[in-house]
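Engineer: Its first residue numbered 122, the sequence shown is counted upward by one per residue in the working numbering.
Glycine residues also receive a C-beta, built at the ideal position from the N, C-alpha and C atoms.
Sharing a structure here in structure tokens format.
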Amino acid sequence: MYVPERVLTNQDLEKMVDTSDEWITQRTGIKERRIAAKDETSSSMGTIAGTRAVESAGIDAGEVDLVIVGTATPDYMFPATACLIQDNLGIRGGAFDVEAGCTSFMYALSTASCLAASGAYRNILVVGTEVLSRIMDWTDRSTCVLFGDGAGAVVVTPSEEGTFDPTFVLGADGSGGSALFLPAGGSFQPASSETVNQGLHTIRMAGPEVFRFATRVVVDSTREVMSRLALGPEDIDLFIPHQANERIIDSALKRLSFPAERCFLNIDRYGNTSSASIPIALCEAEKAGRLRAGATLLMVGFGAGLTWAAGAMQWQLTPASVSRPRATDSRELTPA
Ligand code: UT7
């Protein structure tokens, strides 16, 4: 994972908009978030997270044969952020982006999982990376207190181990698209002085509507994955939900009868980092020793689209990370 150095606290936000630490903490669970420096981008942060993931998998970047990036804040409309990261890491394999709002990482991970299982690819780098601070209306207190910047990455490899195959449920309801969207900058409403003057290049969100949607799909998709695998809450060692609002997570835990201690939470320190939230949480959970080999992991995300995705898998230490020395010759990073 990688997060920018600059911390923006709730107290800082009190000086920018009409809000309070008390409101933000009670309604969301967020205390602070990270904000990218001027020269940081989705690709530069994703490159650092990707380099760390490759090193931690114990492989060389040259062994990665595919890069999939989940992001709602790509550096450019094109080329894909995955191509920028592929070049920065010196990877020779294919590269493409997946865009499913905050669910992009889970969509990317499920795609990688199937491609690895098919035998077509051996080492797939999957990155979730976002600079949401660039598409924020910093005068809109209903959105600017929620989001933060960061990146997380994993390397997906085929495994013979485990008692069940990774299982994903992907969902979308396009009719809810207007509940969370970025009005201008695409081909429908290209950038113009008018769109800039009207502030149409920043996030629009119907918060309560998205809240109701999220509490429903987190529970339903998690139940569906567990039912496909005949697992109960007691079989899940670690639950990693998208970190958008602690109240959404609390409500889901209650309705799923999941013990809170098996759920990983870091929203207080990073806010909602969209596609980066699950891989950042995964990385911190692993560092905290909460992912032993063979642990059953369930992750669930939701976001713009509207989209959602849940996936269960068994955490494996790859043969590479056990038997091979760590790569030491990472290329110097050159943000695109
Ligand atoms: O990952 C992408 C998915 N996005 C989400 O998951 C977001 C889902 N939605 C939410 O998390 C919540 O709806 C919010 C945190 C965005 C808002 O919380 P809420 O409890 O739904 O509040 P609300 O929008 O119903 O607003 C309640 C009040 C309003 O004032 P009045 O009309 O009751 O006087 C808002 O103007 O809170 C006010 N408010 C604020 N007050 C202080 C809204 N934002 C703020 C703020 N500080 N930052």
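Quick check: does the Cβ of Met-326 come within less than 7 Å of any heavy atom belonging to the ligand UT7?
Structural biologist: yes
Engineer: In whole angstroms, give me the CA-to-CA distance for Glu-453 and Tyr-242.
Structural biologist: Summary for Glu-453: the model assigns pLDDT 38, below 50, so the residue's position carries little reliability, and this model does not support an answer.
Engineer: Using CA coordinates, which residue listed in Arg-333, Ala-414 and Val-247 is at the minimum distance from Ser-164?
Structural biologist: Val-247
Engineer: Going by C-alpha distance, which of Ala-381, Pro-380, Val-252 and Arg-411 is nearest Gly-392?
Structural biologist: Val-252
Engineer: Whole-angstrom Cβ separation of Val-331 and Ala-300, contact assumed at under 8 Å?
Structural biologist: 5 Å
Engineer: Assign Val-317 to one of two classes, buried (16 or more other C-beta atoms within 10 Å of its C-beta) or exposed (fewer than that).
Structural biologist: exposed
Engineer: Going by alpha carbons, who is nearest to Gln-147 out of Ile-369, Gln-437 and Asp-133?
Structural biologist: Ranking Ile-369, Gln-437 and Asp-133 by Cα distance to Gln-147 puts Ile-369 first.
Engineer: Please confirm whether Leu-350 and Thr-288 have their CB atoms less than 8 Å apart.
Structural biologist: yes
Engineer: In three-state terms, what does DSSP make of Leu-454?
Structural biologist: Because the pLDDT of Leu-454 is 38, which lies under 50, any placement of that residue in the model is unreliable, and the question is left without a value.
Engineer: Out of His-322, Leu-321 and Thr-336, point me to the one whose CA is closest to Gly-328's CA.
Structural biologist: Nearest option by C-alpha distance: Thr-336.
Engineer: Does the count of Cβ pairs from the region 386 to 401 and the region 266 to 284 closer than 8 Å reach three?
Structural biologist: Flag = yes, the region 386 to 401 and the region 266 to 284 touch.
Engineer: Taking 7 Å as the cut-off, is the CB of Ala-365 close to at least one heavy atom of the ligand HEM?
Structural biologist: For the structure depicted, the ligand HEM is absent and the ligand set comprises only the ligand UT7.
Engineer: Provide the residue(s) that pair with Arg-413 in DSSP beta bridges, ordered along the chain.
Structural biologist: In the DSSP output, where bridge partners are listed per residue, Arg-413 has none listed.
Engineer: For Trp-429, which three-state DSSP category applies?
Structural biologist: strand
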